[in-house]
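Colleague: Residue numbers (my numbering): 100 to 641. Can you read through this structure? Questions will come right after.
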């Protein structure tokens, strides 16, 4: 066991794994269908405001019937990977459950991914069929695999009178492959993360315990379900908990407040950009006593956004952290913090904390030599537990590097603080290992430089990139999105108050937008390529 002053929070290394008879997500659905039958599980809200609700009994029966159809029509079975380009709708959720029932693994694809990206991912897994939500535009079939099929309307597809196909179910084992996600590739080439049935149910149970989800609870989600946060937190955790999820087709800043008022969720799942938009559009929020918190992840939360939400919307923001490789969340801020502790960790902190480890999660902050960092000392954030991925498909070298020493190595940098009153350990993220630039041998965190620039009132967004330099090795270039009428003058001086002169940006470039993923992560390789090729006039520091 680690000494108490080491930045390690974990069960003993020899602790036994989950019992062999542990339930799967599908087992939880069957149990809730029996116990909660007519209770609502999923209400999908379409772009026009129309709603379609599935009960737990519906989800159990219809997903079994759809599984029979998919088994016969697309060959879904154990050992097969089927692609799915979902929308936030009933058809897509049922398709995920139905495919899991057949024993097939599901490759989640971005519904608007370019054909070249889809072909590259499906070819690596031998995918022959990609199913698309009926809510998505029909795509022309390209020559060769995979074939693209539109999911049929749910009621027609699942009506046993339509073609007599039997309802099917297959007992899946916990180690079996369940879902495959491509990493965002925001700092490196995208990898295919394989999540097992054990990963799915473990993360859902962890989230259920941490947030106290229970039958009768309501969660509002708007994040796309082809991402891990949208699928695991919004769809699968309520399924396991017996809670009701209201799934918006996406985020609309004008209509989302109406969904909060109409459906009265206890938890609303968001990303920081959603909170910023709500602050702009929700002028008279009133007192939303039912709304316990916003849960946010995927991109860093700023203390300024958290303070504005607390003051204007009067709702706390609970920030979490996780990666595709940890299924979804690995840490989250706990509920019920004292006002003083919440202020210390979130509102008054330059970098708000991402919380405590979820139940069953081992957490460590390690130095480069693999030894635990001291509390407050920055190091690599590492995790272990039943929610850590099976592997990177077809990439044993990357799998070995990521899982070395019995830990998943996140390549994120962070530090730990232990609350003396409760003994709980809180994690704060400080950057990415790969987001360290070496300028003339001196290291500088691009993430930290981003934060300093974003704290300037005239700067709407900012990100920095490291470009090759013949003499220095690398040089930093900063990109900023400015408020109307603002200029880059004075930004270098702001940075000079924090960073040594030798590492200050060589250029500061004003852009219309910073390239980001759909979940808000900065696409630094794209930014670096754009800045390297930029031939427009730039503001050169004097």
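The beta carbon of each residue, even a glycine, is placed where N, CA and C say it ideally should be. All values derive from a computational prediction rather than experimental measurement.
Kindly confirm or deny that the region 331-347 and the region 299-316 touch, where touching means at least three C-beta pairs closer than 8 Å.
Modeller: With the cut-off at 8 Å, the region 331-347 and the region 299-316 touch.
Colleague: Under the rule that 16 or more other beta-carbon atoms within 10 Å means buried, what is residue 326, buried or exposed?
Modeller: By the neighbour-count rule (16 or more Cβ atoms within 10 Å), residue 326 is buried.
Colleague: Got a sec? Which residues, its chain only, sit under 6 Å from residue 490 by beta carbon, not counting five neighbours each side?
Modeller: If we look at residue 490 and ignore the five residues flanking it on each side, its Cβ neighbours are 293, 498.
Colleague: Exposed or buried, residue 118, counting other C-beta atoms within 10 Å across all chains shown (16 or more means buried)?
Modeller: Residue placement at residue 118 is flagged as unreliable, the pLDDT there being 44, under the threshold of 50; the coordinate-derived value follows with that caveat. Burial call: exposed.
Colleague: Threshold first: 3 residues or longer. Then list the beta strand (DSSP E) segments lying entirely within the region 327-375, N to C.
Modeller: Fully enclosed beta strand (DSSP E) runs of 3 or longer: 343-347, 366-369.
Colleague: With a threshold of 8 Å, are at least 3 pairs of Cβ atoms found where one atom belongs to the region 191-198 and the other to the region 150-166?
Modeller: Cβ pair count under 8 Å is three or more, so yes.
Colleague: Could you tell me how far apart the beta carbons of residue 230 and residue 248 are, in whole angstroms, since I believe they sit closer than 8 Å?
Modeller: Confirmed, about 6 Å.
Colleague: So what does DSSP say about residue 300, is it helix, strand or coil?
Modeller: Residue 300: helix per DSSP, three-state reduction.
Colleague: First and last residue of the alpha helix (DSSP H) that includes residue 432?
Modeller: No alpha helix (DSSP H) contains residue 432, which DSSP labels as neither H nor E.
Colleague: Ordered along the chain, which non-local residues of its own chain (more than five positions away) have a Cβ less than 6 Å from that of residue 132?
Modeller: Cβ within range, chain order: 155, 156, 159.
Colleague: For my contact list, residue 414 and residue 395 are in at a C-beta cut-off of 8 Å; report their separation, rounded to the angstrom.
Modeller: That pair is no contact at about 11 Å.
Colleague: Which first and last residues belong to the alpha helix (DSSP H) in which residue 495 is found?
Modeller: That run of the alpha helix (DSSP H) goes 495-501.
Colleague: Assess, as a yes-or-no matter, whether the region 352-370 is touched by the region 387-394 under the definition of 3 or more beta carbon pairs within less than 8 Å.
Modeller: Judged by Cβ distances under 8 Å, the region 387-394 makes contact with the region 352-370, as three or more pairs qualify.
Colleague: What residue from 324, 599, 455 has the CA that sits closest to residue 515's CA?
Modeller: Cα-wise, what sits closest to residue 515 is 455.
Colleague: Comparing alpha-carbon positions, which option in 163, 187, 200 lies nearest residue 181?
Modeller: Checking every option, the nearest Cα to that of residue 181 belongs to 200.
Colleague: How far does the alpha helix (DSSP H) with residue 320 in it reach, from first residue to last?
Modeller: Premise fails: residue 320 lies in the beta strand (DSSP E), 317-320, not in any alpha helix (DSSP H).
Colleague: Which same chain residues, not among the five before or five after residue 472, have their C-beta less than 8 Å away from its C-beta?
Modeller: The answer, listed in chain order, is 105, 106, 464, 465, 466, 478, 514, 515.
Colleague: Using a threshold of 7 Å, is the CB atom of residue 403 nearer than that to any non-hydrogen atom of the ligand COA?
Modeller: Among the components of this structure there are no ligands whatsoever, and the ligand COA is therefore not found.
Colleague: Given residue 632, which residues of its chain have a CB within under 7 Å of its CB, disregarding the five upstream and five downstream residues?
Modeller: Result list for residue 632: empty, nothing under 7 Å.
Colleague: Between the region 397-414 and the region 293-306, do at least 3 Cβ pairs fall closer than 8 Å?
Modeller: They do not touch, by the three-pair rule.
Colleague: The beta strand (DSSP E) that contains residue 479, what's its start and end?
Modeller: That run of the beta strand (DSSP E) goes 478-483.
Colleague: Just to confirm before moving on: does the CB-CB distance between residue 166 and residue 277 stay below 8 Å?
Modeller: No.
Colleague: With 16 as the cutoff for other CB atoms within 10 Å, does residue 281 come out buried or exposed?
Modeller: Classification of residue 281: buried, given that the 10 Å Cβ count is 16 or more.
Colleague: Hey, quick one: how far does the alpha helix (DSSP H) through residue 201 stretch, first residue to last?
Modeller: Per DSSP, residue 201 belongs to the alpha helix (DSSP H) from 189-201.
Colleague: What whole-angstrom Cβ distance do residue 501 and residue 424 have, given they're in contact under 8 Å?
Modeller: Contact flag correct, Cβ pair sits at about 7 Å.
Colleague: Roughly how many angstroms lie between the CA atoms of residue 503 and residue 560, to the nearest whole one?
Modeller: Going by the C-alpha atoms only, they are around 36 Å apart.
Colleague: Should residue 623 go down as buried or exposed, given a rule of 16 or more other Cβ atoms within 10 Å for buried?
Modeller: Counting Cβ neighbours within 10 Å, residue 623 comes out buried, since at least 16 surround it.
Colleague: Rounded to whole angstroms, what is the Cα-Cα separation between residue 169 and residue 614?
Modeller: The straight-line gap from Cα to Cα measures roughly 38 Å.
Colleague: So if DSSP puts residue 231 in a beta bridge, which residue, or which two residues, is it bridged to?
Modeller: Residue 231 is bridged to 184, 249.
Colleague: Three or more beta-carbon pairs under 8 Å between the region 597-612 and the region 367-384, yes or no?
Modeller: The region 597-612, when compared against the region 367-384, does not touch it at the 8 Å Cβ threshold.
Colleague: Using only CA atoms, which one of 562, 539, 538 lies nearest to residue 549?
Modeller: Nearest C-alpha to residue 549: 562.
Colleague: Please name the residue, chosen from 575, 558, 440, that lies closest to residue 565 on a Cα-to-Cα basis.
Modeller: Looking at the Cα atoms, 575 is the closest of the given residues.
Colleague: Quick one: is residue 115 buried, meaning 16 or more other Cβ sit within 10 Å of its Cβ, or exposed?
Modeller: Summary for residue 115: the model assigns pLDDT 37, below 50, so the residue's position carries little reliability, and this model does not support an answer.
Colleague: With a Cβ-Cβ cutoff of 8 Å, do residue 526 and residue 480 count as a contact?
Modeller: Going by C-beta atoms, residue 526 is nearer than 8 Å to residue 480.
Colleague: Measure how close the beta-carbons of residue 228 and residue 246 come, nearest whole angstrom, since I'm counting them as under 8 Å.
Modeller: Between residue 246 and residue 228 the Cβ distance is about 6 Å, and since that is below 8 Å, they are a contact.
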